[in-house]
Each structure stands twice: as C-alpha cells, then as structure tokens.
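Residues in the sequence shown are numbered consecutively from 1, following the UniProt record's numbering. Note that CB positions come from ideal geometry on N, CA and C, so glycine has one too. Because the structure is a prediction, the values reported are computed rather than measured.
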Amino acid sequence: MVSSRVTRILSSSVAKIERAMCLAAIIGNGPRAKQDGDRESFGLVGLRKIPPHPAYTNNPMIQERMNLPIYGYRSIIQDTLQRFQVLIIKGATGSGKSTQVPQYVLESAAYHNYPVRVVVSQPRRIAAISVSERISRERGEMPGIIVGYQIRMNSNCTSHTVLTLTTSGCLLRALTMDTQAFFQSVTHLIIDEVHERDLDTDFLLLVIKLELRRNPYLRVILMSATMDLNALSAYFGNVPVLDVEGRSFGVRIFQMEHILRETGYMTEGMKDVLGNKVDTATEHELLHAYSLTRHVEGEIDNNLILSLLELLVNTGVRGAVIVYLPGYNDITTLMECLCYSLPMDKVQVLLLHSQVESHEQNKIFRHYPNIQLTIILSTNIGQTSITIPELVYVIDLGKSKMKIYDAKTNASQLTTVSISQADAQQRAGRAGRTREGICYRLYSCDTFAKMSWYPVPEIQRRTLDEICLLAKIAAPEQSIPKFLSQALDAPQPEAVNQACSRLKLLGVLHDGDESITMLGRIIAELPLSVQMAKCVVYAAYYRCLGSMIIIAAYHSIRDPFFLPVDRRRSFQTQEARLKFTEGINSDLIGMISLFQQYTEASRNSHRDVVQFCERNYLCSKSMAMFFSAVLTLRDSVTRIFKLDQTTRRQASANDRNNNMLRLALTAGLYPNLAYYDRNKNELVSECDPNVLVSRTSCLLGKKKTRTLATEWVLYVEKSRVSDSKSSLEQTSLVSTLHVAIAGGKVLKMAQRPSSSLGLLDTAPKGQLCIDHWVRISMHPMFAEQLINLRMLMKRELDKMLMMRRVDLYVGPDIALSLLSVDEGTMALN
C-alpha cells in the first residue's frame, strides 16, 4: 500500500542522508572494521586502515613542522597515548597542535603497523577544511585521499581516508545516530578548541566520558588554547595534561589608555573635557575624557579604528591586520567607512564571517604582493584554528555576539557581550603566529581585569530541546535531568525541565516517564530541529512529502540570499526575496518556488544559473548546496525505501496543495503560533503580548497586516529585539481551520465559552480549546465534527508511526474537504 511506504520515508529520509554523509566519511566502511567489503545496510564505507608513511621526500614543509613548539613533545604525546585513554593538550596559539597532533597519531600507526581511524572535531567549517588541507600538504599527499574532511553537505574523502576533519555538530549526529557502530570503528577521537564550550562539544564530552568506561581501547585527545584544564582533567578522572608553549614571537599589547596616548586620537568632546590639559593629560585623564564623550555604551568608535589603520598605512608597515567586530552589521558599517577613507591602492579589505561564501573567506589566506596592508574584518570566527599569512596586527574591540535563550518568552536574543579574558588572550595570539606582532585592545586595563576568565558555556544559555532528545537516546535508562547533570558544566535544572515540557507538548516524549514516543524516535533520526522534523513527518501523512523535503532542505543550509553590505543592497535583496512569496503569504512555502526556478535555470546552462543568482541576489554556492540537499534527500528516500515511480508520486500527491502544506507546518511548528488582534493591530503569542514579524518576512508591515485574510501566523523562531518586543522569523499565514485541524495535542470543547481569541455573536456557538491557551469559537455541530476528525487522524498517525509505513488514510481527505467550507458557514472566529 502506498501509505505504508511513505511514512517510512519520513522516518529516515532526511535523517539518514546526513547520517550516511557523516558516517560514511567519519566512520568509514563499517563499524566492525575487520576487512574490506564489510558494509552496514545504511552504506558505511571505509575501514580502519594502516596509514601509509607520508611522502616527505623533498617536502619543504618538513623543516616548518620541526620548528613548531609542539614538535619537541611528539614522542611524549605518542607514548602517553599508549598508557592513558585521555590526554589533554594545552597548546598556546601558534604551537601547532591543530595540524601536528593528528599527524603524530598517523605516524605512530604507520611505524607500528596497526590500523586506525582518526576523527578530529573543529568548531567551525572553515577550520575543518583549512586544517585538513594543510595536513595533506605537509604529508605530501593530495587532499581528500588519506586525510579529508566531512562537513554538512560537503565532503572530501575517499575509501582510503583514515583521518577525517569534521565539525562538532556533524560528529555529534554521527555519534548519536549509531553510537555502537561509531566507537567500534573509530580508534582516536580528537576534540580541538574544546575551550569554546559550544553546546555540541559539551554534549560530546559527556557521551565520550560514558563510552570510555565501556571501551578501554578508545583514545581521546582534548586540545585547548585557554581553559580551566584542571577541571577538565578532573572530569575525566585526573588524566594527564600536557602544556605546550607557543611560538617565541612576542606580541606587544596596547590597551585603550596607551592607544589614546600613542596615537594622539582626540574627539571634540575630549578637548572640551580636558581644556588646557589637551597636550599634557595623563593616560588616566585621556581615558576618563574619552569615556565621558561616549554617549552610547558599547557603541563602536569607527573613527578610532580608522585612525589606527591610517597610522599603520602612513608609517609604511606591511602585512595583515585583523579587526575583531561583534557582528555582520558592524563589519559592513566599518567597511564602508574604510573604503571611503583609506587609499584602496595600498590596502585590501576582506570579510571573514560565517555567512560569507567559502571562496570569499579563503581570500584571507592569499598573498597580495602589490598591497601594503591587508585588512580583515572578522567576527570571532577568525579567533581559532586558522593561521593567516603575514598577520602582524590585531585590533580587538573586546565584544562578540552571543545567542541567549529566554525560557520565559521562548525567544532567543543575539546580543553584544564582552568577551572573556581567555578570548582576549587568544585574539592577541593571532598576531604572533608567524612573526612579532602588536595587539590594540580598544578597552582599558580595568575593563580587561573585570572580564570573566572564561566564556559562559552554551549549554547554560541555549535552548535544550535537541540536546534533551539526544540525551534520552544516549542514555534511555536515565532521566534527562540526571543525565545532563553529569555534564562538565550542568545546565540549569529549570531550563532542562522546560525543554522536556516542550518535547512532551510536541509529542516527542511521553507525559509520564519521559520515554521517547514513536514520533520522537523518527524525529531523532532527522538532522533538523525537532519542530522542522515533525513538519516532515506530518507531511508524509498529508501526502505533501516532496514539497516539505524542499522546505526542510532549505532550513538545513544557510540563508542563500546575500548579506547586504549597504542599504541599497539590503532593499534589493529583500525585493528579490519577496518575489518568491508573492501571493502565498508564507516565507516557508515561497522557498519551493525559489527551488523550482533555480532548477529550471540549471536545466539550461551554467551561465543561466549564474545570471539567475545574480538577478535574485543569491549566493551561488549556497544555492548549489540547497539543490544538492534536495537531490540527496530524494535519492536517499528512493534508495532506502525502494520507492518506485508510482509510490513516489502518491507520496507527493498533494505537493501543490498549499492547504495541506499549511496543515503539516501547523502540526510541526505549533506552539510557534501568534494571533493577530485586529482591534489593537497587534500580534500576540502565548507568552509574549506584543510581537512583530521580522524585517525579511513577506508579512512585514502593519498596513499589510491589517489586510491579512486570517488572524493566525506560524513562525519557525522568535528572536528578542528589545526588552519589550520579539520578532517572528520565517512566518506563514494560516487559517483558523488549519489551527483547529492540526494544531496542538489536545482538542476539546471548552467548559465555559470565552471571547479571548474570537468575537462571540448571538449565533449558537461552541468553543474549542487547544492545549488550554488557544480558543476557537464555532458552531457546535462543526466543533464536534472537528473533534471526531482529530481522533481519527490520531489513530491513523499512530498506525503510520508504529509501522513506519504510510497508507492512503482518509483523514487528510476529510481535512481537505473541511478546508473548502466557508468559515462563515461554520460560524468560525
């Protein structure tokens, strides 16, 4: 039967794609790792292998390796790994730990003739790629053969690969999807930049700690530049810590008071404050006068940065300078200032940001012989694991963007915060990687002293929904709070309990014992957020799987639209974005049109693709990843579930029906729902009395909001934009019937009708209540029919989830018929 196959598509389709991609590269040819040809049914390829000896003959990089500080610890590292399961390496910036330690493992394996499979985790994609390519060059090999990388939607590995660089997120998914297979295959696990304390890395440490008790042959190396390594050592049972000094290149550090004195930088306001002391003021007086003239706390002084850069240009120094800024808007604002004020024949301005195309990021590694000064404007992405040639100067503003989750409003806020002292030291160390350098800190000695020693771990400031689900998979016998309490820095119990409550509301965990539901087990296999994964599952039931796969694939990549560098470009980019959502009132469904038009262009020629991207302000590489993600999803569905042409067509019979797509989105994204109060002209969500739609939404604008056909707005994420307002990201308009048919877990008749979310008139009406907070008034007869329909659909969905097969259920057809009924006929509001 058709439906029996389609849901199983969902149970694995998107999930197994990334699992196959991650595990194929990271684990290799199979968990048993015994002989060539061994394969698991989900397509793991690659075995533990004896690595070849590197091709060192005539390799000029040999001497460079020997000159690195960590080279003197080579034998110590290899010997320690023979005696201990875990080794912690504290390597100062420039010590060579990221590129050399993995090679020492390979060289030891080649010398002793034993097979290995080594996985190295980096916090960022750019580091995983650049480190893997550097190691290949140092070994005299082609990249992607013995040493490769695996990042999301991008792999450079072969069946011969024994050392794979990856990101912590990709590693976590590979590990949790088949923990036993992973640890049966991998011999050495190296976690680099562990001090960054991202959510994935902290969870990895917890899972690794438990695995070490069961697997005496696993070797783990934890590497950090700055961290409380005593606490980390104690966490793993007082394991050895190796402290490796960095290069001997010195870095002179100038704090704000020194910079004001040395540069003579003076604003008009400072002159007024200092009066006749302008020429004789002490460092303390200069700093005091400067602070008094800064009217907005935390505001970036682009003029001061410009003065420093002009000083470097005018003194004729050559090399590169990196300016650490909090966010992309800060980067583009400063870039406009520099391009207008500096001699562009002498300087090259480059951007380093996670949403800048990879080929643009790679420009920082090039040599520009005709340029005096290369200026790199970067966020903290340029803080770790990369060596920039000729980098001599660092300008550090002491700020970064941090995403903080507010459980009370269920909203995240990207806010500018002060960095830690550890971050400041690491930024300064960038200047001393290749020669003596200078770091200009645009904050005072007193400010530095007040900074925290280390950054707040993400596990204590991010939403924990996915981590709680993974925790239940990793340790099904333990309660989620108990399991996560064993983390290096445990999250707040309140945050864990709230995440568990959300998972129960979403139907992922059972209400009583926290065990994973059938729906939760399928969602856990998908490399998506819990709610987007639920959308995919429900799309199988509503038979709009093909279109939902496109939407899910879109959310698995970064936003393909250009990050605007100025206001004009921002307007043009938004206009291009809105073309794809015209007449749809859904940012999500509009991306189907984007994919279809891109696909049409790709059928013609490469030139048509390039022109399409340029015309619509799209990043060509991101669109290629989008296209690849969709194709990979479709191929995986066909391969895993052996779908033929007929069953594939039936599974996507409602792909063009936006009503069915809205039902699937409502089922998955609920309770991310807002109600438009036409009387007050306000959007209200469950725990936020006043919300807005984001600047990029197709629903933007109060004038447009007043003319919306319905009052309900779905959203993917809510972001805090001020103390009193939140912004809804990736919105979709849905009707009251969509909410009544597909929203929430429990639909029942309210005991006492209330007009909180609907105007009651004199017509006979009942009131439906969804999960105690959404109330919908309608004719009692229709209300009873809806309750019966919901009960029918629940039975059908439970059957689909239990069998992991989709059938041609009647519930979606009845729902579609109801959606064709005029809401006025149902006395619905």
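* Short check: CB of I787 to CB of G743, under 7 Å? -> On the sequence shown, residue 787 is found 787 positions in, with the first residue counted as 1. On the sequence shown, residue 743 is found 743 positions in, with the first residue counted as 1. It is not a contact, given that the beta carbons lie outside the stated cut-off.
* Which of the three DSSP states, helix, strand or coil, is assigned to C769? -> As a position in the sequence shown, residue 769 is number 769, starting the count at 1. Correct three-state label for C769: strand.
* Asked: What are the uninterrupted segments assigned as beta strand (DSSP E) that are 3 or more residues long and contained completely in the region 105 to 182, given in chain order?
  -> 118 to 122, 147 to 151, 154 to 156 and 163 to 167
* C-beta neighbour in chain C for S400, strict 7 Å -> You won't find chain C in this structure, because it holds only one protein chain.
* **Cβ-Cβ separation, L311 to I89 (assumed contact under 8 Å), whole Å** => Stepping through the sequence shown from its first residue, residue 89 is reached at position 89. Stepping through the sequence shown from its first residue, residue 311 is reached at position 311. So it is not a contact: roughly 38 Å between Cβ atoms.
* Between Q478 and I221, what straight-line distance do the alpha-carbon atoms span, to the nearest angstrom? -> As a working mapping, residue 478 is identified with position 478 in the sequence shown. As a working mapping, residue 221 is identified with position 221 in the sequence shown. Going by the C-alpha atoms only, they are around 27 Å apart.
* **Reference G590, options M625, Y554 and S185, closest by Cα** => Here residue 590 refers to the residue found at position 590 of the sequence shown. With distances taken between Cα atoms, G590 lies closest to Y554.
* Rounded C-alpha distance that separates M66 from T280 -> Residue mapping note: residue 66 aligns to position 66 of the sequence shown, counting from 1. Residue mapping note: residue 280 aligns to position 280 of the sequence shown, counting from 1. Going from the Cα of M66 to the Cα of T280 covers about 50 Å.
* To do: Would you give the residue range spanned by the beta strand (DSSP E) that T710 belongs to?
  => What you label residue 710 is simply residue 710 of the sequence shown in a count that begins at 1. Note, T710: premise wrong, no beta strand (DSSP E); not H, not E.
* Asked: Helix or strand or just coil, what does DSSP make of D813?
  -> Against the sequence shown, residue 813 aligns to sequence position 813. Helix at D813.
* Pick from S652, R649, S697 and S727: whose alpha carbon is nearest that of V684? -> As a working mapping, residue 684 is identified with position 684 in the sequence shown. Ranking S652, R649, S697 and S727 by Cα distance to V684 puts S727 first.
* Asked: Straight-line CA distance for R569 to E268?
  -> Position 569 of the sequence shown, counting from 1, holds the residue named residue 569. Position 268 of the sequence shown, counting from 1, holds the residue named residue 268. For R569 and E268, the distance between alpha carbons rounds to 33 Å.
* Taking just the CA atoms, how far does I395 sit from A332? -> In the sequence shown, residue 332 corresponds to position 332, counting from 1. In the sequence shown, residue 395 corresponds to position 395, counting from 1. According to the sequence as given, residue 332 is Thr; it is not Ala. Those two C-alpha atoms are separated by around 16 Å.
* Asked: Using the C-alpha atoms, what's the distance from L334 back to E525?
  -> Here the question's residue 525 lines up with position 525 in the sequence shown. Here the question's residue 334 lines up with position 334 in the sequence shown. Near 43 Å, if we compare the C-alpha coordinates of L334 and E525.
* Decide yes or no for the touch test of the region 579 to 586 against the region 545 to 553: beta carbon pairs closer than 8 Å, at least 3 of them. => no
* Asked: By the 10 Å Cβ neighbour count, where 16 or more other Cβ atoms means buried, how is M270 classified, buried or exposed?
  -> Within the sequence shown, numbered from 1, the residue matching residue 270 stands at position 270. When all chains shown are included, M270 counts as buried.
* Asked: Can the beta-carbon of L165 be found less than 7 Å from the beta-carbon of V131?
  -> Along the sequence shown, read from residue 1 onward, the residue named residue 165 stands at position 165. Along the sequence shown, read from residue 1 onward, the residue named residue 131 stands at position 131. In this structure, the beta-carbon distance from L165 to V131 falls below 7 Å.
* Asked: Would you report the Cα separation of N284 and C439, rounded to the nearest angstrom?
  -> Here the question's residue 284 lines up with position 284 in the sequence shown. Here the question's residue 439 lines up with position 439 in the sequence shown. Before going further, note that residue 284 is His rather than Asn in the sequence given. Looking at the two C-alpha atoms, the distance is approximately 20 Å.
* Asked: For the candidate residues V120, S652, L699 and L669, whose alpha-carbon lies nearest to that of S586?
  -> As a position in the sequence shown, residue 586 is number 586, starting the count at 1. That would be L699, whose Cα lies nearest to the Cα of S586.
* Would you call the region 395 to 415 and the region 194 to 213 touching, i.e. three or more CB-CB distances under 8 Å? -> no
* **Rounded separation between R656 and N604 - CA only** => Reading the sequence shown from its first residue, position 656 is the one you call residue 656. Reading the sequence shown from its first residue, position 604 is the one you call residue 604. Between R656 and N604, the C-alpha separation is close to 24 Å.
* Which listed residue (T416, I208, L352 and P343) has its alpha carbon closest to that of G298 -> Taking the sequence shown and counting its residues from 1, the one referred to as residue 298 is at position 298. Selected option, being the one with the closest Cα: T416.
* **Expected contact under 8 Å - CB spacing of N659 and L470 to nearest Å** => Taking the first residue of the sequence shown as 1, we reach residue 659 at position 659. Taking the first residue of the sequence shown as 1, we reach residue 470 at position 470. Between L470 and N659 the Cβ distance is about 34 Å, and since that is not below 8 Å, they are no contact.
* **Pair within 7 Å by beta-carbon distance, C170 and R152** => The sequence position of residue 170 within the sequence shown is 170, counting from 1. The sequence position of residue 152 within the sequence shown is 152, counting from 1. A contact, by the Cβ cut-off of 7 Å.
* Are the beta-carbon atoms belonging to Q413 and I404 less than 7 Å from one another? -> For the purposes of this step, residue 413 is identified with residue 413 of the sequence shown, where counting begins at 1. For the purposes of this step, residue 404 is identified with residue 404 of the sequence shown, where counting begins at 1. A contact, by the Cβ cut-off of 7 Å.
* Asked: Taking the beta strand (DSSP E) that N658 falls in, what are its first and last residues?
  -> Working through the sequence shown from its first residue, we reach residue 658 at position 658. Segment N658 to L669 is the alpha helix (DSSP H) holding N658; no beta strand (DSSP E) there.
* **Whole alpha helix (DSSP H) elements within the region 404 to 437, 4-residue minimum** => Listed in chain order, they are 421 to 429.
* Residue closest to R462, alpha-carbon to alpha-carbon, out of D446, T434 and V496 -> Along the sequence shown, read from residue 1 onward, the residue named residue 462 stands at position 462. Comparing Cα-Cα distances from R462 to each of D446, T434 and V496, the minimum goes to V496.
* Do you know offhand how far H772's Cα is from T666's? -> Position 772 of the sequence shown holds residue 772. Position 666 of the sequence shown holds residue 666. Distance from the CA of H772 to the CA of T666, rounded to the nearest whole angstrom, comes to 17 Å.
* Using three-state DSSP, classify Q372 as helix, strand or coil. => Along the sequence shown, one-based indexing puts residue 372 at 372. In this structure, Q372 counts as coil in the three-state DSSP scheme.
* **Among Q426, K401, A407 and R294, the one whose alpha carbon lies nearest that of T387** => Here residue 387 refers to the residue found at position 387 when the sequence shown is read from its first residue. The option with the nearest alpha carbon to T387 is Q426.
* Would you kindly report the start and end of the unbroken alpha helix (DSSP H) that includes K504? => Locating residue 504 in the sequence shown gives position 504, where the first residue counts as 1. That run of the alpha helix (DSSP H) goes P493 to L505.
* Asked: Where in the region 431 to 483 do unbroken runs of the beta strand (DSSP E), each at least 3 residues long, occur, reported from the N-terminal end onward?
  -> 437 to 441
* **Burial state of T176, where buried means 16 or more other Cβ atoms lie within 10 Å** => Position 176 of the sequence shown, counted from the start, is the residue given in the question as residue 176. With 16 or more other Cβ atoms within 10 Å, it is buried.
* Asked: So, is Y290 buried or exposed, given that buried needs 16 or more other C-beta atoms within 10 angstroms?
  -> On the sequence shown, residue 290 is found 290 positions in, with the first residue counted as 1. The residue is buried, with at least 16 neighbouring Cβ atoms inside 10 Å.
* The alpha helix (DSSP H) spanning Q785 covers which residue range? -> Residue numbering aside, residue 785 sits at position 785 when the sequence shown is read from its first letter. Counting along the chain, the alpha helix (DSSP H) containing Q785 begins and ends at P780 to M803.
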